[in-house]
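Chemist: Residue numbers (my numbering): 852 to 1128.
1) Give me the Cα-Cα distance between residue 1106 and residue 1095, rounded to the nearest whole angstrom.
2) So, does the stretch 953-960 touch the stretch 856-873, judging by three or more C-beta pairs under 8 Å?
3) In the DSSP assignment, find the alpha helix (DSSP H) that holds residue 967 and state where it starts and stops.
4) Inspect the CB distances between the stretch 956-965 and the stretch 909-928 and report whether three or more fall short of 8 Å.
5) Please confirm whether residue 902 and residue 883 have their CB atoms less than 8 Å apart.
6) Return yes when the Cβ of residue 1061 is within less than 8 Å of the Cβ of residue 1036, no when it is not.
7) Tell me whether the beta-carbon of residue 877 lies closer than 8 Å to the beta-carbon of residue 885.
8) Going by C-alpha distance, which of 995, 945 and 969 is nearest residue 1085?
9) Using a threshold of 8 Å, state whether the C-beta atoms of residue 1045 and residue 1033 are closer than that.
10) So, is residue 922 buried or exposed, given that buried needs 16 or more other C-beta atoms within 10 angstroms?
11) Taking all protein chains shown into account, do 16 or more other C-beta atoms lie within 10 angstroms of the C-beta of residue 1022, making it buried, or fewer, making it exposed?
12) With contact counted as at least three CB pairs below 8 Å, one residue from each stretch, are the stretch 1107-1121 and the stretch 1046-1057 in contact?
13) Closer than 6 Å by C-beta to residue 1090: which residues in its own chain qualify, once you throw out the five before and the five after it? Chain order, please.
14) What are the residues that DSSP puts in a beta bridge with residue 975?
15) Once you ignore the five residues that flank residue 987 on each side, which residues in its own chain have a CB closer than 8 Å to its CB?
16) Using a Cβ-Cβ cutoff of less than 8 Å, which residues in the same chain neighbour residue 947 once the five nearest sequence positions on both sides are dropped?
17) Determine the burial state of residue 898: buried for a count of at least 16 other Cβ atoms within 10 Å of its Cβ, exposed for fewer.
18) Can you tell which of 1088, 891 and 1018 has the C-alpha that lies nearest to the C-alpha of residue 1118?
19) In terms of residue numbering, what span does the beta strand (DSSP E) encompassing residue 1031 cover?
20) If you follow the alpha helix (DSSP H) that residue 1084 is in, where does it begin and where does it stop?
21) Roughly how many angstroms separate the alpha carbons of residue 1070 and residue 982, rounded to a whole number?
This is the structure in structure tokens:
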């Protein structure tokens, strides 16, 4: 970035250089967080598709004018390293929505975390309308407080039926040998990273299974990991008092997912070349 006086932010379809970091608007009705690596937004079409679905759940749709998309691509081009950009849909005076975006504080796992795994903890909480990426302050605040209290990396949500659903800002997968189990689709946010991890799993010959996972079953799995925009595929070494191994299958899966990220970057660069030719 170029300093405190030139922070790029997408406002009203144009990039503005502002003096303060981007702050998510309180009136946003839906949002997306996209990982940008060396100017390339990873899995951009998938993120925009999910944003459209989230808006549809509120009775809204993406703006018809594609000026915001050009602005978003221009914003991403400002970032030469790795960072997350947040895209917010906010109500406008015409009854529709406008999109605004900016780079947000981003924390990525260290190499040691990928090698050794991280500690996570359970939080009894349920999202309303988990299929839509809508900000729910009560869950975010409860999760942040629990993470600060326990020094855990992520809070894993448990519903009223004592079933695992997802992380407070991630999805979760469990491994037993060459089979991956993850909670039912209707109980969780349809994670972009999770969908790519499923593709990676099938490429390397791992079975993919969606099924309810009760608290009593947690100790029956060999390994588990969270998936998300910032962590990618991050092994969990301990979930409260249950310890997990970092299995060879999990490590192979993480590498296969990273290969898909590289492919996404290459495809985005190629598209840019074609547009400019």
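By construction, the Cβ of each residue, glycine as well, lies at the ideal position given by its N, Cα and C atoms.
In this text the structure is predicted, and so the values were computed from the model without any measurement.
Modeler: The answer reads as follows:
1) 19 Å
2) yes
3) Its alpha helix (DSSP H) spans residues 962-967.
4) no
5) yes
6) yes
7) In this structure, residue 885 does not lie closer than 8 Å to residue 877 by Cβ.
8) The candidate whose alpha carbon is nearest that of residue 1085 is 969.
9) yes
10) buried
11) With 16 or more neighbouring CB atoms inside 10 Å of its own CB, residue 1022 falls in the buried class.
12) Taking 8 Å as the limit for Cβ pairs, the verdict is that the stretch 1046-1057 does touch the stretch 1107-1121.
13) 971
14) 1009
15) 978 and 979
16) Once the five neighbours on either side are set aside, the close Cβ partners of residue 947 are 911, 912 and 914.
17) Classification for residue 898: buried.
18) Of the candidates 1088, 891 and 1018, the one whose C-alpha sits nearest the C-alpha of residue 1118 is 891.
19) 1030-1033
20) Not the alpha helix (DSSP H): residue 1084 falls in the beta strand (DSSP E), residues 1083-1090.
21) 28 Å
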